[in-house]
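Take a look at the structure set out below.
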Amino acid sequence: MRTRQNIQSGILQVLAGAVVALTAVACDTDVTNPGPIQDEFLNDASAQEALVSGMERAAGIALNWIAYTSAAIAREVHPSGSTGSFGITIKQQRGELIPEETSAYWNRAHRARFLTKDGIRRIESLDPSEQDQDALAEAYLLSGYSHRLLGESWCQGVIDQQPVANTAYLDIAEADFTTASQLGSGDVRTAAIAGRASVRAFTGDWSGAVSDAGQVPTSLRYIMPYFDIGDDVQSNRVHVSTKNEPYKAHTQWTTWIEDYGLSDNNPNGDPRVSYMVTDEDGDAAIDCCGTVPWWPQQKFPDNEAPIDLSAGEEMRLIEAENHLLNNRLTEAVSIINSLRTAAGMDEVNPATVNEGWTYLKRERAIELWLEGRRLADLRRWNDAGTPGELQPLEQVGDGNTNTGSHLLKRDFCYPIPDSETETNPNVRGG
Amino acid sequence: MKLPTFAALRLPRRLFGVAVVAALGVVFLAPRPTQAQNTGTVTGQVIDANTQAPMGSAQVYLEGTGLGTLTNQAGRFIILNVPAGSYTIRVDLIGHRAPDQQIDVPAGQTTEVNFSMETEALGLDEIVVTGTAGAARRREVGNTIAQVNLADVPEPPVSVDALLQARVPGMTVMQGSGGSGSGARIRLRGNVSVAMSNQPILYVDGIRVRSDSYAKNVPPVGYPGRSGNDVASPLNDINPADIERIEVIKGAAATTLYGTEAAAGVIQIFTKRGHTGRARWTAQIEQGMNRMQKFGVDPSTRPACQPGTGPAYGNTCVPEPAITASGGTSDYLFINPWLRGHLPSCDDVAAARRAPAGLFQRGWPDPTAADALQPCDNGFFSDLGAWQQRYSLSVAGGGEALQYFVSGAYENDEGMMPMDKEEKVIVRGNFTFAPSSDLQIQWNTSFTSDEISNTAAGNNAHGLTLNSFRRDRNYLADESFDAINPFTNQEITSDIEHLITGVTATYSPLSNQTNRLSVGFDQAQQENRNLRPFDFIRAPLGIIADARGEFTTLTLDYVGTLDFNLTEDLRSSFSWGGQSIATEIQATAAYGEDFAGPGEPVVNSAGTTLGFEYRERVVNAGFFVQNLFDFKNRYFLTAGLRVDGNSAFGEDLGLEAYPKVSASWVMSEESFWDPDWGQIKLRGAWGQSGRAPGAFDAIRTFEPVGWGGEPAFFPRNVGNPELGPERTSEIEVGFEGAFLDDRLAIDFTYYDQNTTDALFRVRQVASDGFFDVNNSSDQLENVGELSNKGVELSVSGVILRGENFGWELGGTLYTNKSKVTLPEEVPDFTAGDGWGWIQNGESVPVMRTDFCLPDPDALGVDPDDVEERHGTTRADGSVVDCTIGPNAPTHIIGGFTTVQLPYGITLSARGEYQGGNYIYDGAAWNAIRRSVIWPGCYDVYSTIADEGLNALTAKEKAQCLVEFNRADYRVYDRDFFKLREITASVPIPQSWLPWGEDATFTISGRNVWRWVNDDFPVFEPEMTNNNDNNPLSRDGVSSGAFLESSLLEHIPPPQTWTAAIRVSF
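Residue numbers (this note's numbering), protein chains in the order written: chain A, 95 to 524; chain B, 701 to 1765.
The structure is reproduced here in structure tokens:
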């Protein structure tokens, strides 16, 4: 029979054992948690493919949002159900891009810049035998597009925390497109040349631009893909913002495309700028006009619709613009009409070079519709004082919101936003 | 070394069932008091010496025998089977004292002994355990300890949140909303951290229990507000009826021994224990109703014509209806057709549905259509409110070697909104074993099953609240009942199962040496199911998410104490110990969208499915030493040191040490003190404690994200190898006193705390581009400081004290002034979803807008012509400052009164005023910018119609006219007062209780009345999101994201009226 002392002694032994065992476990604070990937793991050769996918996601998201908001400022679309929390803000509805409302665009574009440059550094630091040259070429190509987006969209830039001109981004873009064209092959190489052509056109290097464009066939389409997976982050933002779920934030009502593009109201319209007529209104009142008809664009009909990064048609229009810059109307019109004919549209016959510029500007609006490029075109033509007219509803209105364009102002580029001026002492208050 | 996970320690459900059965078996098979022929019985009554009122729950025992019992509500007790002999009989009840008595118990006879207890306003020899190395007498403790004794709480508390509300000076209990299961955010002495959780850590019977909120029920992808946007609190998994007392320590001066995680304070809950003597059963039934106070604008104040119409605009007046097409009215912001207890009358519904089409705005039903099945109040008790029901049963008793307390509770509460409901079961078994005189083992276990259903609410475009408040500018452009009601066709349910079990062994091999070892296991398992079914109005193909989370905390705690006398007058008490707290979160989530058709789907019914997993483990381990010097039993000096390691520290950081020192002086025991002056103890304490960063904060990491189904890397955390805990130092001084023959009790504390190496989420330079998947680029850094200082005052007085009558009145005051100090290189940053900022020299957080008006009352001025941007320089060189004021209350005033009436009837009331702070109203701004005809602007619309636009001030235009509307102008003064509770308690005469010892009938009202500042046009101050820092809540993934509270599209907490009967037998 066990005595009370024996029982007590047994309990104490158990407790002492528990203390020793649990102390050994509990006092070790060295913990490895699964989930996030430590920085050095990305330096492994096996990470190259996922590095490039990350670059592409970052570049795709940056392009997504800038294409969408720039389209509204350029009046490629008109606000319908925009509230600011979804769709564009009241200031943006009026045509203004202001620092307190544009941080997210800047941040996303610079994430793409960081990831492309960081990924290139990691891949190039690998032993040459381990380097995936295709991945490296694609990384340079994505860097080129990311920097083109920054250079075309922002009024000024910041590199290495120092203020720079926006052209500094374009210089990097041009260099990276060049490297990509040297490393890559096939469509990657051709796209790099096409990307460089667009950068050179923007910066006024027309001989270089035309030289590059000449190497790109009209059939080229190099795209940024989007996906219908999980949530809207990977989806085409222009489509998400214009579709009937949940907000109907944008419409073609009271844009120049309302009368020009293909729709039930206009069955002979241009199929390159098509939209759908509905009997519904946008879900929220907008600044100019209250609730307005919701007639969504159809260029991007679903979440997976890609956005062209480079296309042969753009190259042809670079060549046409170069002809107009040199007063070669016939050659320019020939190119424009070749594109129109291919799209099933009537040819145009401008009588003057100025009239030719009007058609060229419209043709670029058609070919690059909703691709985040129109605002940059308007900006460079405005800076260069090129002749030709924009479509009336594409222009700034007279302040009377009942007639004509509802744009009260047009900003041509994004300012350095609050997120930068509040964190970077070199541009603080800038 | 990678440690094993807790998987191996997980308690299977079946094993838990076995444990419950075993526990119940122990209750019924426990050794009974020995039947002996030479025994007698001791019986008697304990009453209040002043009021003669019976005193329940007093512990009566025969010293040195293990025999004793608790008094019933009639104050009576009986101790059976007492061996014949002489005894010292003693009675204990917190806050009261009575002299011991000597009794003789003859064999076979009953000895009657009565106690008359004096109120002890200052219980200097009461034992407290929170914040001390072992148990300590109150006189020895150098810091303030707030206690809530359940015996003193008049109303049957519905939750621990509600129990704490307005009872502890220095504690702010912020109710989230009126949603079912919504927990409160608790702050002690303000926010002590900008980046980490400010929720105090929680102990239950010495075992660490998760205190941060559970995960919000939200799908793992998409907008993080597709939810009821409320979270439950683990604190409410404790049955209030099981609690004996709660101790609260509030600052670093007191929490030092808890180490790296205790800077925000400690709440320690002690549940009831068994006692020797026969089993004593207590049953309680409570029934009641929730009803909503008005939180909108009286419909009679509406403008005659809708804005933009009528003579003032030169066109036809479109009348603004008193009742909308859904039957909603502006005093409930049009959601009343869905609020239980507030349905519109059936006549009003019929009239609304018959309104001529086109008379009002879109959404009015076709007058030719048949009436829909819209709920309405037919006037015959069809719509009393949301039914509340609670049932509990407990039994306590035991023998010399084993005492037990076993309880069970069930509650079933309807919420105010149609899908809101909470059903909870809590069982508990507390067992005390004493295998020998020097060893005591306490095993306490509770299990809670909580099933919560919520209605989609908050800032949720698929939610009922948002779409009701926004009238015909909602996401259907339709305010009719038929249009909005489909938003209730969602399943948002949370099932929580929470097990807390712990064993504490106290071994005292010598009379002056004590060892205490606690091992605890706290595990909560949560399943969040979120279903928008096929054909759901805003997601026609349907969406489903099912997330399961497991939150585990393992406690290992050892404390040793050795007392010895250095001289005749000088005693030393040396304590040492170690503690390890390991917390782990394991969570998986499955997501699917696009069902093939209607039915009862599971995730794999969806066309597209995704899976997610999250794991986090943090270990904090440390040790401490402490010595207490006791000179002449009235001078006390305590010094201690805690040393901690934590797995979340940066790799370059070693152990962290936290010192403390405190002193107390019982001045009233000095020779110069006249005992007629009362009692007073002076005290002061200084100490440090910390708050560790999150599990992943120190490391530079990337995140695996997908892109088109391919793996892709994205930035996640910038990384900081030097990252360490923030360190809070605090000094507090004060006194506790009892005066005027114990009729007046005062407790005063001044505190001044300063957090250095504060963890600030420093925004990185944006153009560096290190933005994570949520588009944030910040890194925790130990920079800056923040401070909190203020006073806490608690006063209670017996105004009248007479036989069968008494009146007690008391109040509390708490002030807090907080300030942030940011180094120059750290820019101001936001802390919330509104206008909360962390800004140098301002409070934590401060409300600051981007734009402000130089003269808000200027007439005939358009806001956008005069508004100024914060931080810009005016022509005269001055800088625009749009800072408004603190977001957290700067002063809280509480008051209570208790009236004792003849026949044991008690009336009590308790109220609370919070003030000095401001809150952003996102819900109103969201509505007005969508051109909603907003009840909060009714007066402005009428002014425009009557006097024109020039009669409006700049602020009125900015608030109510969509063309000038900015969120900047929707920050309100948040002052409010609430009558938190009124209670009437009536004993039921014993003659009515043939089967029971005593019974009490109680009627209680909670949140029965409120006052809000005039600046608060609609809504009310306690309808905010209550999310805290929880990585599973998605929108709380960025620590500190919920430092600011702001108004969103919720309903306020309702009034609750209940009646309860408690019977003991």
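Beta carbons are placed, not taken as given, at the ideal position from N, Cα and C, and that holds for glycine.
Please read all numbers here as calculations on a predicted model, not as lab measurements.
| Check | Outcome |
| --- | --- |
| How about ALA1412/B: is its C-beta nearer than 8 Å to some C-beta of chain A? | yes |
| Using a C-beta to C-beta distance shorter than 7 Å, which residues of chain B count as neighbours of VAL252/A? | SER1467 |
| Leaving out five residues on either side along the sequence, give the residues of the same chain with a beta carbon under 7 Å from the beta carbon of GLN1006/B. | VAL1018, GLU1020, ILE1633 |
| May I have the straight-line CA-CA distance separating THR1009/B from THR1643/B, to the nearest angstrom? | 13 Å |
| Quick one: what does DSSP say GLN142/A is sitting in, helix, strand or coil? | helix |
| Cα separation between GLN1223/B and ILE1126/B? | 15 Å |
| Give a yes or no on whether 8 Å exceeds the smallest Cβ distance from THR734/B to chain A. | Because the pLDDT of THR734/B is 44, which lies under 50, any placement of that residue in the model is unreliable, and the number read from its coordinates should be weighed accordingly. No, THR734/B does not count as interfacial toward chain A. |
| Could you tell me which chain A residues have their CB closer than 9 Å to the CB of GLU1663/B, listed as they occur along the chain? | ILE184, ASP381 |
| List in chain order: all unbroken beta strand (DSSP E) runs of 3+ residues lying wholly within the region 790-857 of chain B. | 801-805, 810-812, 815-819, 846-849 |
| What are the boundary residues of the alpha helix (DSSP H) that GLN227/A is part of? | 227-247 |
| Does any residue of chain A have a CB that is nearer than 8 Å to the CB of ILE1192/B? | no |
| With contact counted as at least three CB pairs below 8 Å, one residue from each stretch, are the region 1341-1360 of chain B and the region 925-937 of chain B in contact? | no |
| In the structure shown, what three-state DSSP assignment does PRO1754/B receive? | coil |
| Determine whether the beta carbon atoms of THR976/B and ALA1392/B lie at a separation below 8 Å. | no |
| Just the chain A side, please: which residues come within less than 8 Å of GLU1744/B by C-beta, in chain order? | Simply none; closest approach about 18 Å. |
| I'd like to know whether the C-beta atoms of SER877/B and GLY1028/B end up nearer to each other than 8 Å. | no |
| Which value, in whole angstroms, describes the spacing of the CA atoms of GLN865/B and SER893/B? | 22 Å |
| Taking all protein chains shown into account, do 16 or more other C-beta atoms lie within 10 angstroms of the C-beta of ARG215/A, making it buried, or fewer, making it exposed? | exposed |
| SER223/A: which of ALA295/A, ARG151/A, ASP138/A, PHE180/A sits nearest, CA to CA? | ASP138/A |
| For the region 1135-1162 of chain B, which residues have a beta carbon sitting closer than 9 Å to at least one beta carbon of chain A? | PRO1135, SER1136, ASP1138, LEU1139, ILE1141, ASN1159, ALA1161, HIS1162 |
| What do you get for ILE1035/B, buried or exposed, if any count of 16 or more other CB atoms within 10 angstroms of its CB means buried? | buried |
| On the DSSP letters alone, give me the boundaries of the beta strand (DSSP E) that ARG1170/B sits inside. | Element bounds for ARG1170/B: n/a, residue is neither H nor E. |
| Does the region 380-393 of chain A come into contact with the region 260-277 of chain A, if we say contact requires no fewer than three beta-carbon pairs (one atom in each stretch) closer than 8 Å? | no |
| Check whether chain B comes within 8 Å of ASP396/A, counting only Cβ atoms and requiring the distance to be less than that. | no |
| Per DSSP, what kind of secondary structure is VAL680/B in: helix, strand or coil? | Here chain B has residues from 701 to 1765 only, and residue 680/B is not among them. |
| Thinking PRO999/B and ASP1048/B are a contact (beta carbons under 8 Å), I'd like their distance in whole angstroms, please. | That belief does not hold up - the Cβ atoms of PRO999/B and ASP1048/B are roughly 11 Å apart, past 8 Å. |
| Does GLY148/A come within less than 8 Å of chain B when only Cβ atoms are used? | yes |
| For GLY392/A, does the three-state DSSP call read helix, strand or coil? | Strictly speaking, residue 392/A in this sequence is Gln, with Gly absent from that position. GLN392/A falls in the coil class under three-state DSSP. |
| On the DSSP letters alone, give me the boundaries of the beta strand (DSSP E) that LYS1657/B sits inside. | Here LYS1657/B belongs to no beta strand (DSSP E); instead the alpha helix (DSSP H) covers 1654-1660. |
| Can you pull out the residues from the region 1165-1184 of chain B whose beta carbon lies closer than 7 Å to at least one beta carbon of chain A? | ARG1173, TYR1175, ALA1177 |
| Hey, how far is the Cα of GLY1424/B from the Cα of ASP212/A? | 28 Å |
| Buried or exposed for PHE1060/B, please, with buried defined as at least 16 other CB atoms from any protein chain shown within 10 angstroms of its CB. | Here PHE1060/B scores only 41 on pLDDT, less than 50, and its place in the model should not be relied on; the value that follows carries that caveat. The residue in question, PHE1060/B, is buried, as its Cβ has 16 or more Cβ neighbours within 10 Å. |
| For LEU850/B, does the count of other Cβ atoms within 10 angstroms reach 16, so buried, or fall short, so exposed? | buried |
| So which residues of chain B does TRP200/A contact, with C-beta pairs closer than 8 Å? | ALA1466, SER1467 |
| If you measure between the beta carbons of GLY996/B and LEU1033/B, is that distance less than 8 Å? | yes |
| What span of residues does the beta strand (DSSP E) with PRO1415/B cover, start to end? | 1410-1417 |
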